[in-house]
Amino acid sequence: MTAETNTVASPDTGKVAASGRARFFHWLRDARQVCRQIFGIPDYERYLAHTAARHPGGPVLSRGAYCAQAIEHKYGKGGQRCC
Amino acid sequence: MNKLVSVALWPLIAIVGAFSFAALALGRGEHVSAVWLVTAALCVYFIAYRFYSRFIADKVLRLDDTRVTPAERHNDGMDYVPTNKYVLYGHHFAAIAGAGPLVGPVLAAQMGFLPGTLWILVGVVLAGAVQDFIVLFASVRRDGKSLGEMIKMELGSTAGSIAMVGILAIMIIILAVLSLVVVKALADSPWGLFTIAATIPIALIMGVYMRMVRPGRVGEASIIGVVLLMSALIYGQTVASDPVWGPFFTWHGTQLAWAIIIYGAVASSLPVWLMLAPRDYLSTFLKIGTIVALAIGIYYVAPPLAMPATTRFIDGSGPVFSGALFPFLFITIACGSVSGFHALISSGTTPKMVEKESHMRLIGFGGMLTESFVAIMALTAASVLDPGIYFAMNSPSAIIGTTASNAAQVISTWGFTITPEMLSQTAADIGENSILSRTGGAPTLAVGMAQILGQAVGGKSMEAFWYHFAILFEALFILTAVDAGTRVGRFMIQDMMGHLYRPMGDTEFLPANLVGTGLCVALWGYFLYQGVIDPLGGINTLWQLFGVGNQMLAGIALLLCTSVLVKMKRERYVWVTLVPTVWLLITTLTAGVQKVFSSDPRVGFIALARKFSTAAAEGKLLAPAKSIEEMQRVAFNNYLDAVVCGVFVLLVLAMCVFTLKICRQALRQALPTAQEIPPMANVQGAT
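So the sequence lines, in the order shown, correspond to chains A and B.
So in numbering that gives the first Met the number 0, spot 78 of the first sequence is number 77, and the numbers just go up one at a time.
So in numbering that gives the first Met the number 0, spot 418 of the second sequence is number 417, and the numbers just go up one at a time.
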């Protein structure tokens, strides 16, 4: 299942991606994703990848709607926090 | 090859660790570099992680990567998301790190740096990290259930209800004591107050930006927020020295207490996207950034430890908090060695994101070790300060008076030489009017950090900036915690009220929400206000009440872990949780009973209450109270504290009884009775 999504989700893994610049942008994207996840910031790109893999053709939330919902889920009941 | 590296590496770490401890132990009479302290701690963490956590993972819990985790089972791209183990480790650490590991160790430094260090290290390896790890494990095996739900599942619904009441009570005390830390840090500090006040409009701007202007662009909003925040921090100095705005932002403790109470009520009623979420992002950036900066700073500057290894105050006569090393050290340092609150986090968001069971070792055990490292750094920052400065900042004015000359004289009689000039010079260096009796830990840590970071970047001229940066960093995440905590408290109160009168439990019903929020704020606000006006210095009382409560919660969580192990028929390894449980119960029950019943008015709540009420009845004034009403208030509040403390003790005793009963039943069974989700991956091979 993941194999087919890989071919759809990352068309830039062809020959062009081998160039240094493309690799740098690839790395930058990964770094941004790691930061988002550590700081608990909604990660829309990951959500898109998830829906493409799990529910192809299904309804997809817009960026704004996804973030609004993710923030509501995370903080709606006060969120998790320590002393 | 790997094996070869391992064979060479672990003895090396052990040798470095032993050498660091030797440097600490043998360097008597001279100042030891803080680097040894931090290195010794790091070596302990590495060894504990490599060997002890592996033993727990392989032998005690038998983590099984073929089992499907809740993240895989419910993968919805939103709440349940299988997450890379290093990323989730970072996320989990950001969630558990709060003000606790920064405050407790600073207060405990009054006994010298050694007792605190030892308890942080031993406590985290044998108790704290074990608790976080096993609670996370239990939650993952129970589909991401929360601590309260797991207690209900494994120990019965009565035990669950009792635990919920306890959790709410601890929550209230935590909110009060954290707010008190902020009040003590911001009182009469226009620079600090301006910066913190500025975070409110900054958060609102961020919230509106990521909701309306550029929907969903949280990253952009965060960058704007950080830039604005740093500008406010720098501009704060100008504001503080302004003849009009300076006095405008100079507030007293009681004014600040009311401000925080109103803030808590309003902020927790706003939509989460407007204020809570943006502030939480800001505070998380600042938190991680500052912790990393401090670690680098300590190694780069290598400051000497000015505090002796032990001080005379291990006998219990200390000015920062009263009570002897046993049991009070063990409740003063809670977070950093073992914190019951972590059990709530480990059974909250994190278990919904674990990809494979084996990852929990790094996330649960490793995450807690990292938190402990923060506590060690806080202790270091407090211990590099001149002890005279440390005691001037942390002793209540009832003991050291309100002038620099008086304070210097009193502190010098304790054997820590300090001159009034040094006290006023330190205040001037950090851009404050006075450093006397700035209790609560945060200002002390900020001065220590300012001295360390100042030596690394900017020298003396930057110390004022670094001081206010550190205050901002602490106050920001405490205020976020106040906002979030009030919401959590409100839901818990509504949940309980819903059992009595159903409409009150409806979280969509506005009047019920208002009552819930009002009640929650009133409860913690009362304890906060009492702490602020307490003539004996509120931290003295409230931090210990919090410590007892938090360690009791840890005791409850470890009792749950113990019953889980027994029910899994792993009773061979039950000592892994039983030993820390017993130690926590011994220390906290002793501390709790002493806090209630000790005949020494410096320790016992009832003794102090009696002392004040008897004197009030005779019409005698006891310093530092200024009127008979004030005396009666002190008496009443101490009776109340005694009741709260007594309730904590009873809660834990009740939980012990439930656990014993359940464990005895489980021991009689031949097969495991733990209520885990059966492994779906290999259904036919399921045992």
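Backbone N, C-alpha and C fix where the C-beta goes; we use that ideal spot for every residue, glycine too.
Under the 10 Å beta carbon count, B:Met211 is surrounded by fewer than 16 other beta carbons and is classified as exposed. For B:Ser396, the enclosing alpha helix (DSSP H) has its first and last residue at Ser396 to Ile399.
With a cutoff of 8 Å on beta-carbon distance, B:Ala301 and B:Ser32 are scored as near each other.
Residue range Val217 to Ser240 is occupied by the alpha helix (DSSP H) that includes B:Val226. Just measuring C-alpha positions, the residue of B:Tyr298, B:Lys58 and B:Ser316 sitting nearest B:Met110 is B:Ser316.
Separation of B:Ala342 and B:Ala483 (C-alpha to C-alpha, rounded to the nearest whole angstrom) is 17 Å. Here B:Gln664 is exposed, its C-beta having fewer than 16 other C-beta atoms within 10 Å. C-alpha of B:Leu659 to C-alpha of B:Thr561: approximately 10 Å in a straight line. Residue state for B:Thr613 is assigned as helix, using DSSP reduced to three classes.
Contacts with chain B at 8 Å (Cβ-Cβ) do not include A:Arg28.
Here B:Leu275 really is in contact with B:Thr479; their C-beta atoms are around 7 Å apart, less than 8 Å. A:Gly56 has a beta carbon lying at 8 Å or more from every beta carbon in chain B. In summary, B:Leu11 is exposed, with fewer than 16 beta-carbon neighbours lying within 10 Å of its beta-carbon over all protein chains present. The Cβ of B:Tyr280 sits closer than 8 Å to at least one Cβ of chain A. Pairwise C-beta distances place the region 318 to 332 of chain B out of contact with the region 32 to 44 of chain B, as fewer than three of them are shorter than 8 Å. Using a CB distance cut-off of 8 Å, B:His90 counts as an interface residue toward chain A. Residue environment analysis places B:Tyr500 among the exposed positions, since fewer than 16 neighbouring C-beta atoms fall within 10 angstroms of its C-beta. At a cut-off of 8 Å, the C-beta of A:Arg20 has no neighbouring C-beta in chain B. Taken through DSSP and simplified to helix, strand or coil, B:Val80 comes out as coil. The secondary-structure analysis by DSSP pairs B:Pro502 with nothing; it has no beta-bridge partner.
Excluding its 5 nearest sequence neighbours in each direction, B:Leu435 has C-beta neighbours in its own chain below 6 Å: Ala391 and Ala406, listed in chain order. Listed in chain order, the positions of the region 249 to 277 of chain B with a beta carbon within less than 7 Å of a beta carbon of chain A are Val271, Trp272, Leu275 and Ala276. Not flagged as an interface residue toward chain A: B:Asn512, since no C-beta distance is shorter than 8 Å. Residue state for B:Pro303 is assigned as strand, using DSSP reduced to three classes. By the C-beta criterion, the region 515 to 525 of chain B is judged to be in contact with the region 486 to 499 of chain B, since at least 3 inter-stretch pairs fall below 8 Å.
In chain B, no part has a C-beta under 9 Å from the C-beta of A:Phe24; the shortest such distance is about 16 Å. The DSSP-derived three-state label of B:Val353 is strand. Per DSSP, B:Phe327 is one residue of the alpha helix (DSSP H) stretching across Leu324 to Thr331. As summarised for the region 462 to 522 of chain B, the continuous alpha helix (DSSP H) elements at least 4 residues long and confined to that stretch are 462 to 499, given in chain order. Contact with chain B is absent for A:Glu44, since none of that chain's Cβ atoms lies less than 8 Å from the residue's Cβ. Sequence-distant Cβ neighbours of B:Pro69 in its own chain, meaning closer than 7 Å and more than five residues away, are Tyr79, Val139, Asp142, Gly143, Pro350 and Lys351. For B:Pro214, the chain A residues whose C-beta falls within less than 9 Å of its own C-beta are Ser61, Arg62, Gly63, Ala64, Cys66 and Ala67, listed in chain order. B:Asn637 sits buried, since 16 or more C-beta atoms from the chains shown fall within 10 Å of its C-beta.
Look at B:Thr283: its C-beta is under 8 Å from a C-beta on chain A.
A residue is called buried once 16 or more other Cβ atoms fall within 10 Å of its Cβ, and B:Ile492 is buried on that count.
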